[in-house]
Structures are given as C-alpha cells and as structure tokens.
Amino acid sequence: QEGTKIPSKRKQDISITSSEHLYKDLLKSEQENWNDISAGYKAMTKRIKEKLEELHNKYMFNAGSPRIRFGENVYFEENGCIFLSKADDDEGNADILFNTEDLGFSDAFIQQIRISPDQRYMAISLKSENSEEATCVIMKLGHFPAMEKIIPSVFSFEWATNDVLYYTSQKNLKCQNVFMTTFTNQKHTELVYTEQDARFFVDIYCTKDRRFLTINSNSKTTSEVWLVDCRHPFKLPALVQARTKGLIYHIEHRNDELYILTTYGEPAEYKLMKAPVASSSMENWQLVYALEKKTKLVDLEMFSDHCIMFLKNAGHLYLNVMSFVSHSVQSIKLPTWACEFELESHPEHTTSTCYFQLTSPVHPPKRFAYSFKENNLIEQAVQEVPIITNCHTTRLLAKSKDETSVPITVFHNMNSKELHRKPLLVHVYGAYGIDLNMSFKEEKLMLIEEGWILAYCHVRGGGELGLSWHKDGCQHNKLKGLQDLKACITLLHELGFSQPKYTALAAASAGGVLAGALCNTDPELIRAVVLQAPFVDVLNTMMKTHLPLTIEEQEEWGNPLADEKCMKYIKSYCPYQNIKTQCYPSVFITAYENDQRIPLAGVLRYVQKLRKAVLDHASKTSKKGNWIPKIILDIQANGSHCDSSWEDSLNE
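Take the sequence shown: its letter number 48 is residue 48 in full-length UniProt numbering, and every next letter is one higher.
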C-alpha cells in the first residue's frame, strides 16, 4: 500500500492488528446478517430437509461404499464401521472389524481402506470435517481386531507386502515425502523419497497384480514414476522415466511388462503403451492403443488377460474391452442416462468379472458387471427401488464465439409442459481438466420432481473432451470458458428451456471464476447465482506466493508476478477486479472458515465490493418497484473446502 517505501516494523504490526480487527468485525457482521436473513426461510428449509432425507433413505441407504473382495471375503464400510462378510453370504451376518466411535474418532469419516495381502492387517484413513489432512489407523485383524498404530497427516498408503506399508505425508496441502513402515518383529519407519519441486505432489499406487508400488510425482502438466518391487520392498525405488516437461504418464503392470498410460507423442492425448520392466525409458515405449479424438479416458482397469477402459465422449459413457490374448478391442455401449462411473476398489486381478456402478445427478448408483467369459454387460438389481423413469436426459451442443461445439447435458421431467416457464439450474466448472461433478445428489432429484430443469455445461478448461479441452481453457485461454458458458445459456433459452428471469447458475471452487465473470459481463442472462467456496479473487491470490497452492497453480492461471501480459489477462476476467455499478443477479455464497484452498478474506472482499456496486446502482435508478438483488454470505464454521459429510451437506 505504501508503494516502494519499506514500512517500519512497528507500523507493519499496527496495520496487521488493525486489519485483523477489521476482519473479525466483518466476519461478525456477516454472521449476524446471515442469521437475520435465514430466519425467513425456516419453514421452506424444514420442508426441503424432510424431502431430502426421504430421498436419501429411499435410494442411498443400500448404496453403501464399494466392496473390497479377497477370494471368499468381502470388506465393506457402512456408517463409520468396517465389516467383513463371506461373498455368498447375506451381509446381515457380517463381522464388525472397526468402529470410528469406539476408537474416539467420532467426528471423522472413513476415506480409504487397504487390506494387507494376507489379510492380517488393515490400514484405514480417517478424515474429520475441518481438516484437509487424514489420519491413518492400522488395525491388526483376527478374532479380536486391535489398533496397532496411528500415523497422522497421511494422504495415500499401500501395502508392499504382508507387513510393510508405504505412505505419503501431507502438510499444508502438499505431499512431498514417502515413508516405509514395517510391522515385523523389528518395527521401524524410514523416509524413502522426497520431492524437491514445490509444483509436484506425490502419491502411491499399487499395480493391480500387486507386483509393484508406484511412487507418482505429478505437477499439473508433468509426471515421474518410481517403482518399488513388492518382492523386495527394502530395495531402493527404480526410476521408470525421468520427468520431461509436458509429459504425463501412469503405470500398470502385467507379465513383466509395464503398461503406460501417457500423453507421449502426437496428438498430446492419452495413449496406452508398453515397455519391458528392465528397460522402461521412453525410447522403448510401444503403442498398444490410441484413444479416438475428443475422448476422455476416465479410468483403466487391468486384469490378467484383459484391460477395460472407461471412456467418455461428449457426455456419453462407454467401455472398451481389450483382450491381451486375441489382441481385439470391443466397444460396449452403456445406458444413455449414465454420466459417471464409480469403480470397485482393488478388484481381484484374476477375476473374470469387472464390477462398477453407473450414476447421474438424478439417478442413484446402479451396479453393473461386465463378464469377460460371457462377453456381456449384466445389470445387477441390488434393491427393489423403483428407478426414476419420468426423467428425460438430453444432450445438446452449443456453438461458442469461435465456432467450437460445447456439450450440454440437460435433465427434465418428461411430464413437464411449457418448459419455457420452468425454473432452470445451470452448472459450470471449467478448470484443471476436471469434469463437472455429475454423481448422484438427492437435491438434484428433488428439483426434477418439483419441475425444475437441470443443465450441465461442459465448457473448456474442464476435461470432458480430453486433455486438449483443458488446454483450450486454461492460462491465456480462460476467456474461452466464459464464452462457452454464455453460448450454453443462450442456446438453452433459445430452445425454450426456461428464460433469464427463471434461470439460476451454480458453481463451486474454481467454477466461481467463470460464474463470477459471467455476472460481470452478462448479468441479464441469469436471475440468481449459488456459489460454494468460490475462487473469485484470482489476481490477488495468484500474487501471493506464500499461500500453499499459488506456485503449483501457475500452470492453470499463469504467473502474474513474472509476466505483465498474464497479469493484464487475469485482470480482464477476474470476478473481483471487474465488479461494476450495474444490476446483478442475486448471489448466495457458502464459504468455510477453515478453508485452506480459498482464503476467506478474498470472499469477504468480493462480497463487500459486490454489495456496494448493487446498492450504488439501486440508488442511481431508484424507480418505484425496482428489484434489488440480494447478496448473501453464509460462513460455515465446520467443513473444509467443498467436502462435507451427508449431514453437513444436508444442512447446507
């Protein structure tokens, strides 16, 4: 604030304490404001809450978590407990192995479960609402399961052998160290790998045949993998291929060959390649399969004689089944309503069936199995719940400013008449190459039942049409995502799906950049906006290198400190920087006090500036009966960044 003058230390201290006071006062006044406003919605909130609980109990009660299969044994989690049952037995007869309540982790939920190969140990990660970091608990199984060890701040973990566990530790949203800990007679823990580059994040993965653990070091654009041989877990990890800027790769293993999922070669989309374990560097990689254009590879499952690719093309899901015996690839169509895959965790390598679930925002998870023997898809009826049949799924393409076709997925009630009078909720994200979240949510189904239209805009910056789709919407291409969003909403209205005065826009986290930008450029397209932990202060955040994510985020937004052009570009779309005196839609923001990813100060600044613009505009145009938009901020003391338990998300 003082230009180039360096303020004296005392002056700095005074300004820090006064800004802290200001911050606390602001927080307090926002909370009082929220309490006043929310009181008026009590009756409506009660009705919605009851409806959502009813839907949750009807559809999600039996959905449970993915099963972990070990021969005859099936491990599964329900309501904070982990159970063991026999494969052909009724799950009502299951034994309880672990209970979060009993061990004093009552506010935590189970995130991951890993069983040791001989099923003597079970490692579990537990995460509480208010923290990004998880705790790993290791249980010794048997007739009386007992807690063996607790490791704090763990991100990922895998068993190398029956009694050797590898894990990564997480600090300040970063994972840079890999440790190995043993449960033999000589218990010890040692550091195995350290990542020096702040842009890289380390995690651990176990190949499907349990032959190797992979230590994966990834930035947003580049990766490097080290192999731990599970037969010799104390040997030093071996490098597969040294990091090369712009090259991403992931490793699977089968019959002494590494199967490499990589962006190597042209075009820079994912391909499946392979190389001998002994000579794994890039010059030895051979092409096995290249994806079609504009196709997103969601996941890959490796089996002893087959591999299944889970694919997405312009919103449609399908499978490619590759046989390593006949070298054929077979494409399997999936139901048109399906928008998202959920895979079973760690299926058995030698099995002849691959299990997975399909879901959409308005379709609860439904289990399917693909049989390699029969060569067909089997739909598994788990519970007798009438599935939603009166919901119509439509896929559209909007033409953006530069003529690019942008996919939209639309859901509405088939019995709805006069769609142009119905309320419309539009969803957008468009960052990091991540797809818009389209898994089942009770509230989306409730809206459909109440006559709403739901639209999901798969704009550039997201990953829906492969890696190039992301590239076309990041750094100096961010505005393309905004143009895409505008084109999508305009097309929906032209086709008779609702109209601006009944249209709301929803976005979370980085989706707040596009949603906030649209409010500045085209406020007349929408009537209301709902933002969850939104990133609205891009420029100020990217100028602060002391924040945990700023350095690694430069690959997404650019580096305004080093590049004047980049700074001007971010300034041109940043929601906070471009607020002006005009009529805005009403805005409802949920933010989290303990959010490490989106600093609350930036959200508070945004809300203050937006309110002022709205009131200034109202005072200039104070005609009678003029509509003044509401700007509402709900600050949650619990919950961390966009990650809540069912109870908390229900209250939200």
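Even glycine gets a Cβ: it sits at the ideal position worked out from N, Cα and C. Fair warning: this is a prediction, and the values are worked out from it, not measured in the lab.
Quick check on the DSSP output: the beta strand (DSSP E) that includes residue i runs from which residue to which?
i      : result
Ser405 : 405-413
Thr541 : It is not in any beta strand (DSSP E) - Thr541 instead sits in the alpha helix (DSSP H) that spans 538-542.
Trp337 : Counting along the chain, Trp337 falls outside any beta strand (DSSP E), and DSSP gives it neither H nor E.
Cys519 : No beta strand (DSSP E) holds Cys519; the alpha helix (DSSP H) holding it covers 511-521.
Ser304 : Taken as a continuous stretch (DSSP letters only), Ser304 belongs to no beta strand (DSSP E), as it is neither H nor E.
Ser498 : Looking at the DSSP string, Ser498 is not in any beta strand (DSSP E), and its letter there is neither H nor E.
Cys206 : 201-206
Val192 : 189-194
Glu344 : Here Glu344 belongs to no beta strand (DSSP E), and DSSP marks it neither H nor E.
Glu148 : 146-161
Asn626 : Looking at the DSSP string, Asn626 is not in any beta strand (DSSP E), and its letter there is neither H nor E.
Met322 : 316-323
Lys366 : 363-371
Lys171 : 164-171
For residue i, count the other beta carbons within 10 Å of its own beta carbon; 16 or more makes it buried, fewer makes it exposed. Which is it?
i           : result
Arg231      : exposed
Ser19       : exposed
Thr45       : exposed
Gln196      : exposed
Ala431      : buried
Leu236      : exposed
Leu287      : exposed
Met147      : exposed
Asp435      : buried
Ser360      : buried
Lys333      : exposed
Thr4        : For Thr4, the pLDDT reaches just 35, beneath the cut-off of 50, and the residue's location in the model is therefore unreliable, leaving the point undetermined.
Leu191      : exposed
Ala515      : buried
Asn651      : exposed
Lys245      : exposed
Gln12       : Here the model assigns Gln12 a pLDDT of 48, short of 50, so the residue's position is not dependable and the matter cannot be decided.
residue 662 : Outside the displayed range of the chain (1 to 652) lies residue 662, so it cannot be described from this structure.
Gly466      : buried
Ile489      : buried
Gln554      : buried
Asp537      : buried
residue 663 : This structure cannot settle anything about residue 663, because the visible part of the chain is limited to 1 through 652.
Suppose the cutoff is 8 Å on Cβ atoms and the five residues either side in sequence are ignored; what does the same chain contact list for residue i look like?
i      : result
Asp305 : Ser323, Phe324, Val325, Phe372
Ile6   : Per-residue confidence for Ile6 stands at a pLDDT of 37, beneath the threshold of 50, marking its modelled position as unreliable; the derived number appears in the next sentence. None.
Pro276 : Asp256, Glu257, Leu258, Asn284
Trp34  : Ile632, Leu633, Asp634, Ile635
His349 : Lys208, Asp209, Arg210, Met302, Phe303, Ser304
Lys293 : Pro267, Glu269, Gly466
Near residue i, which residues of its chain fall below 6 Å by C-beta distance, leaving aside the five closest residues on each side in sequence?
i      : result
Lys86  : Glu72
Asn99  : Cys81
Leu492 : Ala455
Met567 : Pro560
Ala198 : Ile551
Tyr355 : Glu344, Ala369
Tyr289 : Leu272
Ile628 : Ala618
How is the alpha helix (DSSP H) around residue i delimited, first residue to last?
i      : result
Asn177 : Not the alpha helix (DSSP H): Asn177 falls in the beta strand (DSSP E), residues 174-182.
Arg395 : Element bounds for Arg395: not the alpha helix (DSSP H) but the beta strand (DSSP E), 391-399.
Trp646 : 646-651
Val139 : The identity of residue 139 in the sequence shown is Met, whereas the question assumes Val. Not the alpha helix (DSSP H): Met139 falls in the beta strand (DSSP E), residues 134-140.
Asp616 : 600-620
Among the residues of its own chain, which have a CB less than 7 Å from the CB of residue i, if the five just before and after it don't count?
i      : result
Glu2   : Any answer about Glu2 is weak, because its pLDDT of 29 lies below 50 and its placement is not dependable; what the coordinates show is given next. Within the same chain, Glu2 has no close Cβ partners at all.
Ala601 : Tyr23
Asp107 : Ser128, Glu129
Leu227 : Phe212, Thr214, Pro237, Ala238, Val240
Thr182 : Asp163, Val164, His188
Pro104 : Sequence check: residue 104 is Gly here, not Pro. Hits under 7 Å: none found.
Using a C-beta cutoff of 8 Å, does residue i count as contacting chain B?
i      : result
Asp209 : Within the model displayed, chain B is absent; a lone protein chain is all it includes.
Cβ of residue i versus every heavy atom of the ligand MG: is any distance shorter than 7 Å?
i      : result
His188 : In the structure shown, the ligand MG is absent, as is every other ligand, since no ligand is present at all.
Legend entry - alpha helix (DSSP H) runs wholly inside the stretch 54-122, at least 4 long, in chain order: Complete alpha helix (DSSP H) runs here, min 4: none at all.
Legend entry - Residue ranges of each beta strand (DSSP E) within the stretch 441-486, 3 or longer: The qualifying runs are 453-457.
Inset, instruction - Kindly provide the ranges of any beta strand (DSSP E) runs that are 3 or more residues long and lie completely inside the stretch 216-297, ordered along the chain. - result: Within the stretch 216-297, the complete beta strand (DSSP E) segments at least 3 residues long are 223-229, 238-241, 249-254, 257-262, 271-276, 286-290, listed from N- to C-terminus.
Legend entry - Contact between the stretch 211-229 and the stretch 158-173 (3+ Cβ pairs under 8 Å): With three or more CB-CB distances shorter than 8 Å, the stretch 211-229 counts as touching the stretch 158-173.
Inset, instruction - Specify whether the stretch 401-412 and the stretch 453-461 touch according to this definition: at least 3 beta carbon pairs, one from each stretch, less than 8 Å apart. - result: The stretch 401-412 is in contact with the stretch 453-461.
Inset, instruction - For the stretch 71-84 and the stretch 100-114, state whether three or more C-beta atom pairs, one from each stretch, are separated by less than 8 Å. - result: With a cut-off of 8 Å, the stretch 100-114 and the stretch 71-84 count as touching, because enough Cβ pairs lie within range.
Inset, instruction - Kindly confirm or deny that the stretch 498-508 and the stretch 567-577 touch, where touching means at least three C-beta pairs closer than 8 Å. - result: The answer is no - the stretch 567-577 does not touch the stretch 498-508, with fewer than three Cβ pairs under 8 Å.
Legend entry - Length at least 3, wholly inside the stretch 524-569: the beta strand (DSSP E) runs in chain order: Listed in chain order, they are 528-532.
Legend entry - Contact the stretch 604-616 vs the stretch 543-552: 3+ CB pairs below 8 Å: Touching, no, given that fewer than three Cβ pairs across the two stretches are closer than 8 Å.
Inset, instruction - Report yes or no: do three or more beta-carbon pairs, one from the stretch 472-487 and one from the stretch 414-424, lie closer than 8 Å? - result: These segments do not touch.
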